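Q:
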Amino acid sequence: MAFRAPTLIALSAITLLSGCSAFRNYDSELAQTNQQLASGNVDAALTLLEKNNTGPDKDLLYYFEKGELLRAKGDLSGSQNAWTSADQVVGQWEDAVKLDSAKYLAQFGSFIVNDKVRRYEGYDYEKVMLTTQMALNLLAVNDFDGARTAIKKTHEREAVIADLRDKEYLKSEEEAEKEGIKTQYKDLQGYPVASLDAPEVVSLKNSYQSAFSHYLAGFVYEALGEKDLAAPGYRKAAELRPNTPLLEQALVNLDKPSKSDDSDILIVVQSGLAPSRDSIRVPLPLPISNNVVITPLSFPIIKPDTSTAPFAQIGVDGQQVNLTALNSTTAMSRRALRDDMPGIIVRTTVRAITKGVAQKKINETNPLAGLAVGISSAVLEGADTRTWRTLPDNTQVVRLRLKKGEHQVSLPSAVGGSVVKVTVDQRYQVISLRAVGNQVFAGGIAAHVIPSAGATNVASLKQP
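Sequence positions in the sequence shown follow full-length UniProt numbering and run 1 to 464.
1. In three-state DSSP terms, what is Thr33?
2. Distance, Cα to Cα, Leu402 vs Leu48?
3. Under three-state DSSP, which class holds Ser213?
4. Which of the three DSSP states, helix, strand or coil, is assigned to Leu297?
5. Taking its Cβ as the centre, do 16 or more other Cβ atoms sit within 10 Å of Pro342, making it buried, or is it exposed?
6. I'd like the list of long-range same chain contacts for Tyr234, defined as Cβ closer than 8 Å, with 5 residues on each side in sequence excluded.
7. How many angstroms separate the CA atom of Gly180 from the CA atom of Ile151?
8. Taking C-beta to C-beta, are Leu37 and Gln396 nearer than 9 Å?
9. Indicate the three-state DSSP secondary structure (helix, strand or coil) for Ala352 in the structure shown.
10. Which residues share a DSSP beta bridge with Asp278?
11. How would you label Ala194, buried or exposed, when you count the other beta carbons within 10 angstroms and need 16 or more for buried?
12. Take the Cβ of Ile161 as the centre, count every other Cβ of all protein chains shown within 10 Å, and call the residue buried at 16 or more, exposed below.
13. Grab me the residues of Thr348's own chain with a C-beta within less than 6 Å of its C-beta, minus the 5 sequence neighbours each way, in chain order.
14. Reducing DSSP to helix, strand and coil, say where Ala435 ends up.
15. Measuring straight from C-alpha to C-alpha, what distance separates Phe64 and Val42?
16. Let me confirm a value: Glu406 is counted as buried when at least 16 other C-beta atoms fall within 10 Å, else exposed. Which label applies?
17. Just the C-alpha distance for Ser413 and Val141, rounded to the nearest angstrom, thanks.
18. CA-CA distance, Ala86 and Pro287?
19. Is DSSP giving Pro310 helix, strand or coil here?
20. Would you list the one or two residues that DSSP bridges to Ser263?
21. If you reduce the DSSP assignment to three classes, tell me which class Tyr428 lands in.
22. Rounded to whole angstroms, what is the Cα-Cα separation between Asp305 and Tyr26?
23. Is it buried or exposed for Asp393, if we count other Cβ within 10 angstroms and need 16 for buried?
24. Where Ser207 and Lys167 are concerned, what is the direct C-alpha to C-alpha distance, given to the nearest angstrom?
25. Quick check: what's the CA-CA separation for Pro285 versus Ser172?
26. From Ile280 to Phe299, what distance separates their C-alpha atoms?
27. Measure the beta-carbon distance from Thr308 to Ser276 and round it to whole angstroms, keeping in mind my assumption that it falls under 8 Å.
28. When DSSP labels each residue in this structure, what does Pro392 get in the three-state scheme?
29. Do you know how far the Cα of Glu126 is from the Cα of Trp93?
30. Ser207 by DSSP, collapsed to three states: which one?
31. Enumerate in chain order the residues of its own chain whose CB-to-CB distance from Pro232 is below 7 Å, with the five nearest sequence positions on each side excluded.
32. Quick one: Cα of Gly78 to Cα of Tyr428, how far?
33. Residues in its own chain within less than 6 Å of Ala237 by CB, not counting five upstream and five downstream?
34. I'd like to check one pair, Arg386 with Tyr104: are the Cβ atoms closer than 9 Å?
35. Apply the 10 Å Cβ neighbour rule to Asp228 and answer buried if 16 or more other Cβ atoms are within range, or exposed otherwise.
36. How many angstroms separate the CA atom of residue 465 from the CA atom of Trp83?
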């Protein structure tokens, strides 16, 4: 019996872990889902998403992904419903933060629980891009008033995030000093430090404010005749992405009267997929029971998506026009990780030291139970790899004046050479295109890849 008891303890621990969410490989699930999306089979992608989320308690990521997939399918109403559910989850997070930010930070900064087994709350850039994508859905049906509401929520959300992050980074520094932890991400041997120190990452003011979101806000306010609100939107976009002629010109043109009856068209081209997160093990010397023990610890890394070839031009009625890049989810994701690394290092290190001391004591009295604890620690200590994977990576725009009527927009051969027929019938109008792999989705409706010589199968962006 003396032998069987610890054996049962070990087996019970392993069995318990096998049902734990820590065993879920979210990146693998979404890689399969995105493969279907990139091949144009959105229904299969949705089927996979539902198959991997059978429980009654859907999490934030489920609603993130479902909204983007339904948008690609052309079901803008269903997409908006899914994202409304996601927005409610984020709203609960905002309420908790505003009610007692100190309590929230104490819970989130706990050294006991690994990040990967916490309830997913979304990264800051995901929370902001959620309402931006919701605004694009509304603009696809020319609902500028609805888009204005989504944009207002974006601005309010940014303010909540900014206040929280200031407090979080201060708390992280205090905890590191208290625990005597001086390790920085630049000290991690074998970690891809250069990816977090790249110019496009360091140049970002933060991980959540997007030049595209603020430029879109300016365009919506301008369309609604609210120039006093449009100017701050354009100004903020220019501040976030300096030396960008499109953004500087928007401010200049705001006070100029229109000299024609042509429509003011903003073409938004979103391409690729958000980067994935992976886990890398890095050996660190840790003080455990008066000994320095080289311990492999897991830290997250960002892996860019390569499903979609980059491009910088599109055709409009046979004329090539240049696109202006206003957002990179990869850069924002890396900036988020760069800013989070001090806290991740402190939590991971303290947890490893605490568990190392506890396991040493258990090993002295019950080696088999110590083995069970070691197995559970090895499983649970992987880095959190969850992230919104169907979110577009790059967002580029071009602003044109077009006459009312039908026009053709063509994508380069790098993404299949698709042609999309659009109907311009508003004074201000936003046209959204999404490219993934060789597929183009226009305003929620898939556009088939057709030869450059032209074909008859096109998709209309005009919504009822």
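For every residue, glycine included, the Cβ atom is placed at its ideal position computed from N, Cα and C.
Note that the structure is predicted; figures quoted are calculated from it, not measured.
A: This is what the structure gives:
1. Three-state DSSP puts Thr33 in a helix.
2. Our two residues, Leu402 and Leu48, have alpha carbons roughly 41 Å apart in a direct line.
3. Three-state DSSP puts Ser213 in a helix.
4. In the three-state scheme derived from DSSP, where H, G and I count as helix and E and B as strand, Leu297 is classed as strand.
5. It is buried - the Cβ of Pro342 has at least 16 other Cβ atoms within 10 Å.
6. So the list reads His214, Tyr215, Gly218, Leu247, Ala250, Leu251, Leu254, once near-sequence residues are dropped.
7. In a straight line, the C-alpha of Gly180 is about 43 Å away from that of Ile151.
8. Leu37 places its beta carbon 9 Å or farther from that of Gln396.
9. It is helical.
10. Looking at the DSSP assignment, Asp278 forms a beta bridge with Ile301.
11. Its Cβ having fewer than 16 others within 10 Å, Ala194 is exposed.
12. By the 10 Å Cβ count, Ile161 comes out buried.
13. Within the same chain, Thr348 has close Cβ partners Leu297.
14. In the structure shown, Ala435 falls within a strand segment according to DSSP collapsed to helix, strand and coil.
15. Their backbone Cα atoms lie some 15 Å apart in a straight line.
16. Counting every other CB atom within 10 Å of its CB across the protein chains shown gives Glu406 a total below 16, marking it as exposed.
17. Between the alpha carbons of Ser413 and Val141 lies a gap of roughly 28 Å.
18. Looking at the backbone, the Cα of Ala86 and that of Pro287 are separated by about 42 Å.
19. In the structure shown, Pro310 sits in coil (DSSP, three-state: anything other than H, G, I, E or B).
20. In DSSP, Ser263 forms a bridge with Leu402.
21. It is a strand residue.
22. In this structure, the CA atom of Asp305 is about 15 Å from the CA atom of Tyr26.
23. Under this definition Asp393 is a buried residue.
24. A straight-line Cα-Cα distance of about 16 Å links Ser207 and Lys167.
25. Each residue's Cα considered, the two are about 21 Å apart.
26. Between Ile280 and Phe299, the C-alpha separation is close to 5 Å.
27. At roughly 14 Å, the Cβ-Cβ gap does not stay under 8 Å, so Thr308 and Ser276 are not in contact.
28. It is coil, neither helix nor strand.
29. Cα to Cα, the separation comes out at about 13 Å.
30. In the structure shown, the three-state DSSP call for Ser207 is coil.
31. Residues of the same chain with a CB within less than 7 Å of the CB of Pro232, apart from the 5 flanking positions on each side, do not exist.
32. Between the alpha carbons of Gly78 and Tyr428 lies a distance of about 25 Å.
33. Result list for Ala237: Ala211, His214, Tyr215, Leu247, in chain order.
34. No; because the gap between Cβ atoms is not below 9 Å, this pair is not in contact.
35. For Asp228, the number of other beta carbons within 10 angstroms of its own is below 16, and it is reported as exposed.
36. Any property of residue 465 remains undetermined from this structure, which presents the chain solely from 1 to 464.
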